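In this text, residue positions in the sequence shown follow the working numbering: the first is 10, and each later residue adds one.
Here a beta-carbon is modelled for each residue, glycine too, at the ideal position from N, C-alpha and C.
Bear in mind the structure is a predicted one, so any value in this text is a computation, not a measurement.
Inspection log for the structure reproduced underneath, given as structure tokens.
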Amino acid sequence: MSHRDDVREKGDAGVSTQTSDIALGLAADRKGRAGRRNGRIAVAEPPALRDLRLFSLVDEPTLARLALEAKVETFDEGGVIFRQGDPVTAVVVILHGFVKVLRIASCGDETLIGIRSNGETVGEPPMNPGETCRVSAEAIGPTSVLKIPAARFMRLMKESPALFAAVLQDGKDKIAALVTEIESLKAQNADQRLAGFILSLCPPGVEQCRFRLPYDKRLIAARLGVKQETLSRAFAKLRDHGVRTETRDILVESVSRLAGQFEQLSRQTRMPSEKPDPRREDAA
10 MSHRDDVREK
20 GDAGVSTQTS
30 DIALGLAADR
40 KGRAGRRNGR
50 IAVAEPPALR
60 DLRLFSLVDE
70 PTLARLALEA
80 KVETFDEGGV
90 IFRQGDPVTA
100 VVVILHGFVK
110 VLRIASCGDE
120 TLIGIRSNGE
130 TVGEPPMNPG
140 ETCRVSAEAI
150 GPTSVLKIPA
160 ARFMRLMKES
170 PALFAAVLQD
180 GKDKIAALVT
190 EIESLKAQNA
200 DQRLAGFILS
210 LCPPGVEQCR
220 FRLPYDKRLI
230 AARLGVKQET
240 LSRAFAKLRD
250 HGVRTETRDI
260 LVESVSRLAG
270 QFEQLSRQTR
280 MPSEKPDPRR
290 EDAA
């Protein structure tokens, strides 16, 4: 390893970033240094790459080389991580928080494409030099992300079959999530979508839970593809099924009861071709 790999290097946000051993968690007790610029904080202590889903099966030598220039940046509410049309300069992985992904029309109208959270990548890793961002990404509340320079990432993708396979799998996972979301938008009404969303936030293995919505109801409405007044009516209907709301605080009195209601609504709205054929049931 060269001397330059052993020392701290300056990040593009004007603060130092630490070397690969810290990024890989081999010297996690050292404190990173941080600075502020343009309303964001760049933190000099990347986490262990192995702990991130994208890199869980990537070989150690590749992780070490990826980590050489990796850095963490923390954004406040509304902080722009990158803009549609900007050159792709980094691969971005969310460490903590939520990021809204937007598509902006030529007239300036914004369409919410999705909301990403811990461990997910934002945007697409570049395959060729000169690629531009197809979407914009903005922080929802305090959010920290890991950035790996695009040039280094592209080079290592060509050299490491494990990293290339990880990127392919990440793309497949995103497509699967989009298919599920499209199915929800086409086959479920607002009540179902909200019930499913609330269930997804309930901790596993509990019958009663209380939690705070991860972002405001305006964004929830956009994510579920409904108007805000429709969302309000859906929340009101859930009161009959043991879901209590106070601003962003949610109490689910019975997770199994809510799940049963969700399943009942799903049966009621199935397409004719999806409903069980009574003749087949009789024959069975």
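Coarse secondary structure for residue i, derived from DSSP in three states
{"i": "Asp249", "result": "helix"}
{"i": "Ser65", "result": "coil"}
{"i": "Arg232", "result": "helix"}
{"i": "Ala76", "result": "helix"}
{"i": "Arg45", "result": "Its pLDDT being 41, under 50, Arg45 is placed unreliably by the model, and nothing is read from it."}
{"i": "Leu274", "result": "helix"}
{"i": "Val154", "result": "strand"}
{"i": "Arg143", "result": "coil"}
{"i": "Pro213", "result": "coil"}
{"i": "Asp182", "result": "helix"}
{"i": "Ser238", "result": "Correcting the residue identity first, residue 238 is Glu in this sequence and not Ser. In the structure shown, Glu238 sits in a helix (DSSP, three-state: H, G or I)."}
{"i": "Glu190", "result": "helix"}
{"i": "Gly34", "result": "Confidence in Gly34 is poor, its pLDDT being 44 and thus under 50, which makes the residue's placement too unreliable to answer from."}
Other residues of its chain near residue i: CB distance less than 7 Å, five sequence neighbours each side excluded
{"i": "Arg248", "result": "none"}
{"i": "Ile90", "result": "Phe84, Val101, Val108, Val131, Ala146, Glu147, Ala148, Val154"}
{"i": "Ile113", "result": "Gln93, Glu119, Ser145"}
{"i": "Ser275", "result": "Gln201"}
{"i": "Gln270", "result": "Ala204, His250"}
{"i": "Phe173", "result": "Met166"}
{"i": "Val176", "result": "Pro134, Met166"}
{"i": "Lys226", "result": "Gln237, Leu240"}
{"i": "Asp179", "result": "Leu63, Thr130"}
{"i": "Cys211", "result": "Cys218, Val261, Val264"}
{"i": "Lys2", "result": "The first residue shown for the chain is 10 and the last is 293, placing residue 2 beyond what the model contains."}
Where the beta strand (DSSP E) containing residue i begins and where it ends
{"i": "Val101", "result": "99 to 113"}
{"i": "Val89", "result": "89 to 91"}
DSSP bridge partner residues for residue i (one or two, in chain order)
{"i": "Phe220", "result": "Ile259"}
{"i": "Ala171", "result": "Answer by DSSP bridge pairing: none, since Ala171 is not bridged."}
{"i": "Leu58", "result": "Leu58 pairs with nothing; no bridge assigned."}
{"i": "Glu119", "result": "Ile113"}
{"i": "Arg125", "result": "Val108"}
{"i": "Ile149", "result": "Phe107"}
{"i": "Pro96", "result": "Thr141"}
{"i": "Thr254", "result": "Ile259"}
Contact with chain D by residue i, beta-carbon distance below 8 Å
{"i": "Ser65", "result": "Of the chains in the structure shown, none is chain D; there is only one protein chain."}
Residues near residue i by beta carbon distance below 6 Å, same chain, minus five either side
{"i": "Thr254", "result": "Phe244"}
{"i": "Leu233", "result": "Arg202"}
{"i": "Met136", "result": "none"}
{"i": "Val235", "result": "Ala199"}
Span of the alpha helix (DSSP H) around residue i
{"i": "Gly132", "result": "It is not in any alpha helix (DSSP H) - Gly132 carries neither H nor E in the DSSP assignment."}
{"i": "Ser209", "result": "199 to 210"}
Residues of its chain near residue i, where Cβ-Cβ distance is below 8 Å and the 5 sequence neighbours each way are ignored
{"i": "Cys142", "result": "Phe91, Arg92, Gln93, Gly94, Asp95, Pro96, Val97, Gly132"}
{"i": "Arg221", "result": "Arg257, Asp258, Ile259"}
{"i": "Leu208", "result": "Val264, Leu267, Ala268, Phe271"}
{"i": "Gly139", "result": "Pro96"}
{"i": "Ile87", "result": "Just to set this straight, residue 87 is Gly in the shown sequence, not Ile. Taken in chain order, the residues that qualify are Glu147, Ala148."}
beta-carbon residue i near the ligand COA non-hydrogen atom, thresh 7 Å
{"i": "Val264", "result": "You won't find the ligand COA in this model; it holds no ligand whatsoever."}
Meets three-Cβ-pair contact criterion under 8 Å: the segment 215 to 232 and the segment 254 to 267: The segment 215 to 232, when compared against the segment 254 to 267, does touch it at the 8 Å Cβ threshold.
Between the segment 109 to 123 and the segment 53 to 73, do three or more beta carbon pairs fall short of 8 Å? Output reads no: the segment 53 to 73 does not touch the segment 109 to 123.
The segment 199 to 216 contacting the segment 161 to 170, beta-carbon criterion three pairs below 8 Å: In the pairwise beta carbon analysis, the segment 199 to 216 is classified as not touching the segment 161 to 170: fewer than three pairs are separated by under 8 Å.
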